[in-house]
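A.B. asks: Structure provided below as structure tokens; questions to follow.
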Amino acid sequence: MPKSKQQKRDVLAGLADKIQRAKSIVFTSFNALTVKDNEELRLKLRAENSEYYVAKKTLLGLAFKKNPIEGLDVKSLDGKVATIFAYEDEVAPAKIIHGFRKDREDKIAFIGGVLEGRFLSKTDMESLAQLPSKKELYAKMVGSMNAPISGFVNVLAGNLRGLVTALKAIGESKNA
Numbered sequence: 081m082p083k084s085k086q087q088k089r090d091v092l093a094g095l096a097d098k099i100q101r102a103k104s105i106v107f108t109s110f111n112a113l114t115v116k117d118n119e120e121l122r123l124k125l126r127a128e129n130s131e132y133y134v135a136k137k138t139l140l141g142l143a144f145k146k147n148p149i150e151g152l153d154v155k156s157l158d159g160k161v162a163t164i165f166a167y168e169d170e171v172a173p174a175k176i177i178h179g180f181r182k183d184r185e186d187k188i189a190f191i192g193g194v195l196e197g198r199f200l201s202k203t204d205m206e207s208l209a210q211l212p213s214k215k216e217l218y219a220k221m222v223g224s225m226n227a228p229i230s231g232f233v234n235v236l237a238g239n240l241r242g243l244v245t246a247l248k249a250i251g252e253s254k255n256a
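Numbered according to our numbering, the sequence shown spans residues 81 to 256.
Shown next, in the form of structure tokens:
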């Protein structure tokens, strides 16, 4: 049954809202993705507060007219297009797709993406996917900040160990 004009307007408004709320957007082509693979991918993305959405390019084009992106021409995207909206971590969807592609190289591929209001090419998205996640970067930063403190504690502990060893040696020499 065809959709009414009001239903189409609602879908377009929902898509435009997703585009506006997203911190980043990833465009992928999906060829021969099985239902099982599709559901697995959706679950992984949902766990990272991202949404996998498939729509016709004409609908995407209309939604992006309401939220224009520098350098993006939806009609020039190749093949069937799946759009992934990231609502929290900007890099998480690209990392998930990159990991998901390892076993299914011929079934899903990057087409491009949007980050900070700018269109990114396929190679830019692949580079972005190989960056460390926010959690990894935070852990490295905390480790770097903690290193001088733990080194200082070890120096102080070394002085105390040296004093205890000297006192023990003096005590043993007097008892002998």
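All C-beta atoms in this analysis are idealised placements derived from N, C-alpha and C, irrespective of residue type, glycine included.
Under the DSSP definition of a beta bridge, which residues are partnered with residue 232?
C.D. replies: Answer is none; residue 232 lacks a bridge partner.
A.B. asks: Which whole-angstrom value describes the C-beta separation of residue 83 and residue 165, a residue pair presumed to lie in contact below a C-beta threshold of 8 Å?
C.D. replies: At roughly 22 Å, the Cβ-Cβ gap does not stay under 8 Å, so residue 83 and residue 165 are not in contact.
A.B. asks: In chain order, what residues of the same chain lie with their CB nearer than 8 Å to the CB of residue 158, ignoring the 5 residues before and after it?
C.D. replies: 109, 191
A.B. asks: Around the C-beta of residue 221, are 16 or more other C-beta atoms found within 10 angstroms, so that it is buried, or is it exposed?
C.D. replies: exposed
A.B. asks: If we require 3 or more residues per run, which beta strand (DSSP E) segments fall completely within the stretch 154-209?
C.D. replies: 161-166, 188-195, 198-200
A.B. asks: Considering only the alpha carbon of each residue, which of 234, 91, 175 lies closest to residue 142?
C.D. replies: The shortest C-alpha separation from residue 142 is found at 91.
A.B. asks: Which residue from 219, 87, 125 puts its Cα closest to that of residue 180?
C.D. replies: 125
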